[in-house]
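Asker:
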Amino acid sequence: MTNGKHMQALLDPKNDALFFSGSILLTPLIVAIYYLCTAVFNWEPQQTVSVIYFSYLLCFDQPHIIHTFSRAFFDPIEWARKKYLLVLLFIATVVLMPLYFKLGYEDRVIDIIVFYGFWHVFKQNIFLLDLYQQKCRTFFWERLLEKSMFYFLFGSWFFQEILDPENIEQYVIHKDTTEAAGEILLNIGLVLFAIFVLKTIWQAYKREPVYWSKLTFICAILVNYIFLFLFVDDYLEASILLYLICDGIYHGVQKFGFMKLYYRVRFPTEPKKFQNWLLVGLIYAGLALPLFHFLPLLGEGGRLLSSTFIGVVIFHYLVEDLIWKVNKAPELRCLVE
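Shown next as structure tokens:
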């Protein structure tokens with residue numbers, strides 16, 4: 032690491048700890064709520080997950096999607112750069128979603144939401160890590176080590192828990208295969224994590240700069256995956272939907288923190304932009320979610336119309352992969368300067 036600052040935060044140390052690292056505390060909170068409702072109050076597990084899921088969508092998931100659209104559609108530079116592609120993607124995912132459902136592809140669309148959702152959350156973790164690495168001027172070999180830990184531990188969790196045949200019965204995947212792959216990835220990831228810990232201790236001993244915001248972010252994400260991997264499945268027999276909530280809730284808070292950074296550096300003369308878009312997101316969630324659950328009660332037409340809500344989620348996945356390419360967007364370079 033080449034510069035001499037001991038604190039290279041994206042927002043500031045306090046807000047980085049709150050949004051980017053501390054957000055993972057929501058994972059054990061969700062698990063605790065689930066355990067309390069099912070083990071103490073004897074709620075049905077499926078009912079409990081449904082209530083938690085609706086609350087998660089209302090307060091975290093849908094508002095963060097609207098924040099994403101604020102960049103795609105209301106940043107004049109980005110809109111001018113990608114407007115035709117964004118319109119085509121919107122048509123392909125939102126406008127045509129009722130057609131996909133009508134043709135019988137509903138189950139496959141839901142699969143895309145679930146599996147792409149986990150990858151989407153992981154990609155944001157890699158994106159934030161990359162911002163920290165650029166901010167801290169991290170050496171190449173350290174970048175490789177840090178990102179490799181993320182990939183191997185995420186891959187291990189994904190193979191052993193998410194690709195468990197009990198979760199995806201419609202696919203032919205042998206449990207022995209997924210468990211063996213997961214074990215291999217886990218062992219490699221833990222070795223890399225041990226190297227990372229020893230490297231950090233050595234740097235501190237040599238009085239080299241320690242970038243605490245980046246360090247706590249890395250540790251928080253890795254501990255979160257280990258927690259999900261070792262605790263949730265073994266002790267709670269959790270459904271894949273609970274995994275999605277646990278993985279998505281801190282992702283939403285991280286996105287709130289990142290959007291605060293984006294608005295601050297991209298629109299410095301509009302200090303209320305984050306709060307305004309958060310309000311828009313909450314209003315959208317408050318209107319869209321009841322409609323999504325009510326429309327199917329009206330019959331087949333209502334069910335098909337409600338599918339556009341799912342299309343919005345997939346559209347936002349694809350948009351996220353397009354609009355945050357810092358090295359290709361000069362107006363975003365200030366995020367890491």
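The numbering of the sequence shown is the numbering used here, which starts it at 32 and goes up by one. All C-beta atoms in this analysis are idealised placements derived from N, C-alpha and C, irrespective of residue type, glycine included.
(1) Could you please give the first and the last residue of the uninterrupted alpha helix (DSSP H) stretch that includes residue 300?
(2) Just checking my contact of residue 149 with residue 215 at CB under 8 Å: how many whole Å lie between their CB atoms?
(3) Using 8 Å as the threshold, is the region 322-338 in touch with the region 93-113, meaning 3 or more CB pairs across them?
(4) For the putative contact between residue 346 and residue 121, defined by C-beta atoms under 8 Å, what is the C-beta separation to the nearest angstrom?
(5) Within the same chain, show all residues whose beta-carbon is closer than 7 Å to that of residue 143, passing over the 5 residues directly before and after it, in chain order.
(6) With respect to the alpha helix (DSSP H) encompassing residue 172, which residues constitute its N-terminal and C-terminal limits?
(7) DSSP three-state label for residue 75, please.
(8) Apply the 10 Å Cβ neighbour rule to residue 209 and answer buried if 16 or more other Cβ atoms are within range, or exposed otherwise.
(9) Report yes or no: do the region 82-91 and the region 294-303 share at least 3 C-beta pairs separated by less than 8 Å?
(10) If we call anything under 8 Å between Cβ atoms a contact, is residue 244 one with residue 39?
(11) Taking only runs of the alpha helix (DSSP H) that begin and end inside the region 276-320, which ones reach a length of at least 4 residues, in chain order?
(12) Quick one: residues in its chain with C-beta nearer than 8 Å to the C-beta of residue 35, no 5 flanking neighbours on either side, listed in chain order?
(13) Is the beta carbon of residue 350 less than 8 Å from the beta carbon of residue 162?
(14) Does the distance from the C-beta atom of residue 390 to that of residue 98 stay below 8 Å?
(15) Can you tell me where the alpha helix (DSSP H) with residue 245 in it begins and where it stops?
(16) For a test of the three-state rule: what should DSSP assign to residue 44, helix, strand or coil?
(17) For residue 317, count neighbouring C-beta atoms within 10 Å of its own C-beta (all shown protein chains included) and say buried if the count is 16 or more, exposed if not.
(18) Buried or exposed: which applies to residue 237, given that a residue is buried once 16 or more other Cβ atoms fall within 10 Å of its Cβ?
(19) Tell me the DSSP secondary structure of residue 270 in three-state form.
Answerer: Concretely, from the data shown:
(1) Unbroken run through residue 300: none, as it is neither H nor E.
(2) So it is not a contact: roughly 19 Å between Cβ atoms.
(3) no
(4) 6 Å
(5) 345
(6) 171-188
(7) coil
(8) buried
(9) no
(10) yes
(11) none
(12) Any reading at residue 35 needs caution, since the residue's pLDDT is 43, under 50, leaving its predicted position unreliable; the model's value is listed next. Correct list, in chain order: 240.
(13) no
(14) No statement about residue 390 is possible, as the shown extent of the chain runs from 32 to 368 and does not include it.
(15) 243-258
(16) helix
(17) exposed
(18) exposed
(19) coil
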